[in-house]
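*Asks:* Heads up, the sequence shown is in the numbering used here, so the first residue is 54 and it goes up one at a time.
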Amino acid sequence: MYTEMIKISEDHNSKAQLIEALQPAIDVLKSGGTVVIPTETVYGLAADALSENAVGKIYEAKGRPSDNPLIIHISDRTMLDTLVVGVSEIAEKLMEAFWPGPLTLIFNKRKAVPLKTTGGLNTVAVRMPSHEVARLLIEVSRVPIAAPSANLSGKPSPTEPKHVIEDMMGRVDCIISAGVSEVGLESTVVDITGEVPMILRPGAITREMIVEVVGTCELDPALGERSENQVARAPGMKYRHYAPEANVSVLTGDTMRVIERMLGAIESHIKEKKKLACLLFEEDYTVLKHLLLSKKNNLDFEEGLKNYVVFFIEGSKRNPEIFAKQLFRDLRKCDETACVDVLVHGIEEIGIGDAIMNRLKKSAEGRVEKL
Ligand code: TXA
Ligand code: MG
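1. Who are the Cβ neighbours of T176 in its own chain at under 7 Å, not counting the five residues just before and after it?
2. Classify S62 as buried or exposed, calling it buried when 16 or more other Cβ atoms lie within 10 Å of its own Cβ.
3. Any heavy atom of ligand 1 inside 7 Å of the beta-carbon of V95?
4. Return the chain-ordered list of same chain residues with a C-beta closer than 6 Å to the C-beta of F365, the five sequence neighbours on each side being excluded.
5. Return yes when at least one heavy atom of ligand 2 lies under 7 Å from the C-beta of S240, else no.
6. Around the C-beta of G268, are 16 or more other C-beta atoms found within 10 angstroms, so that it is buried, or is it exposed?
7. So does L156 have its beta carbon nearer than 7 Å to some heavy atom of ligand 1?
8. Where do the N-terminal and C-terminal ends of the alpha helix (DSSP H) with C387 fall, by residue?
9. Whole angstroms are fine: how far does the CA of E313 sit from the CA of P167?
10. Leaving aside the five residues before and after T390 along the sequence, list all residues of the same chain whose C-beta is less than 8 Å from its C-beta, in chain order.
11. Do A144 and ligand 1 come close, with the Cβ less than 7 Å from some heavy atom?
12. Quick check: the Cα distance between P211 and Y96, rounded to an integer number of angstroms?
13. Would you decide whether Q70 is buried or exposed? Buried here means 16 or more other CB atoms lie within 10 Å of its CB.
14. Please tell me whether, using a cut-off of 7 Å, the distance from the CB of P122 to the nearest non-hydrogen atom of ligand 2 is below it.
15. Quick one: what does DSSP say Y334 is sitting in, helix, strand or coil?
16. According to DSSP, simplified to helix, strand and coil, what is V249?
17. For L174, which residues does DSSP report across the bridge?
18. How should R224 be labelled, buried or exposed, when 16 other C-beta atoms within 10 angstroms of its C-beta is the threshold for buried?
19. Using a Cβ distance threshold of 8 Å, determine whether the segment 234–242 contacts the segment 76–94, with at least three qualifying pairs required.
20. Within 10 angstroms of the Cβ of A165, are there 16 or more other Cβ atoms? Answer buried if so, exposed if not.
21. Report the rounded CA-to-CA distance for H65 versus I72, giving the unit in angstroms.
22. Just the Cα atoms here: how many angstroms apart are L424 and E113?
23. Any idea if G207 is buried or exposed, counting beta-carbon neighbours within 10 angstroms, 16 or more meaning buried?
24. For A408 and P182, which I take to be in contact (beta-carbon distance under 8 Å), what is that distance rounded to the nearest angstrom?
25. Suppose the cutoff is 7 Å on Cβ atoms and the five residues either side in sequence are ignored; what does the same chain contact list for Y361 look like?
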């Protein structure tokens, strides 16, 4: 399949220029084709949400099970009313506070929304992205667009044009390349069809932020630690996700013990000539580097460090948004560098830490070591 590339740059500074550049993508959307679009969270694989035929092409391009429902992206409030019924007061408050932005809300759907889009459910997930390009595409085409993350099923969501090209070139009609995604993790998904809003997938709009606006908010119990027997209510959460080829382990607990655990793994991997990646905050990297330095008078060790160990520095602990933004990129890089094992220093599950740990635990398939 031929894939048309559109590159958005700083030169497209007026709305008219942007629309002109986006015209081929607008035409594709209107005629039922597929377009990879930038959003503030991750890149999305978009098609007309109201056309079964178009939505079918999304599942096909992703290699995605069709019981996994899609999020519909809209550009304004009037579009919402064509898709859903029974907009509650809680919904109004959340939309007012967080739209446009990385918050997806689950509503009861109207008939116009095909069951193919909702994976057979009578509810529908809707969000209004804040990314200018995404909003303009929807606004000008007047097409509400269904868009899952634009990765092949099972791979980390794409946050850079490079990732999208790797996964989707030749599988979609058009790719819009527009730099690095601002947030880096997918939107928060909140079910508001019940009495109390419930987070089905944590994201950059945190539980704390939602409580501040509507006074209350629960986490889907299936997201918790002792949840092996529970089935996640967001169907997408049950699939293996975000996983690089390597074995990922998440290390939590005492920071010094985590650093020592990494140090031990570095030594054993060098000895066994196996490649290891370590993801950690810059503060902890400084400490680890010091400990490594004391071993550096050994030439073999120094050589081994160069050949078998890759470090990914995830910014400062004081600014976990950087970790969120880089996480998927770095998991993909682990594969590129052919690491056998990946050790990640976990983060406290508050604020955006909740979303980071959620994605980490999935990529680790349960391998969490409390030290
Ligand atoms: O940030 C995002 O949300 C990105 C960008 C492209 O907008 N999109 C995204 O879509 O992450 P996707 O398809 O990869 O994830 C959608 C999640 C899945 O976990 C899915 O099961 C859940 O939302 N979901 C969708 N509709 C639902 C519904 N009606 N009820 C419960 N969960 C739903
Ligand atoms: Mg996804």
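Virtual Cβ for every residue (Gly too), placed ideally from N, Cα, C.
This structure is a prediction, so every number in the text was calculated from the model and none was measured.
*Replies:* Inspection of the coordinates gives the following:
1. I159, F160, N161, K162, T246
2. Classification of S62: exposed, given that the 10 Å Cβ count is below 16.
3. yes
4. L332, D383
5. no
6. exposed
7. No heavy atom of ligand 1 is found nearer than 7 Å to the CB of L156.
8. C387: member of the alpha helix (DSSP H) spanning 374–389, first to last residue.
9. When the Cα atoms are used, P167 and E313 turn out to be separated by approximately 53 Å.
10. K328, A330, V363
11. no
12. 6 Å
13. exposed
14. Not under cutoff, so the answer is no.
15. It is Phe, not Tyr, that sits at residue 334 in the sequence shown. It is coil, neither helix nor strand.
16. coil
17. Beta-bridge pairing links L174 to no other residue.
18. buried
19. yes
20. With fewer than 16 other Cβ atoms from the protein chains shown falling within 10 Å of its own Cβ, A165 counts as exposed.
21. 9 Å
22. 43 Å
23. exposed
24. About 17 Å; that fails the 8 Å criterion.
25. H322, I323, K326, K327, K328, L329
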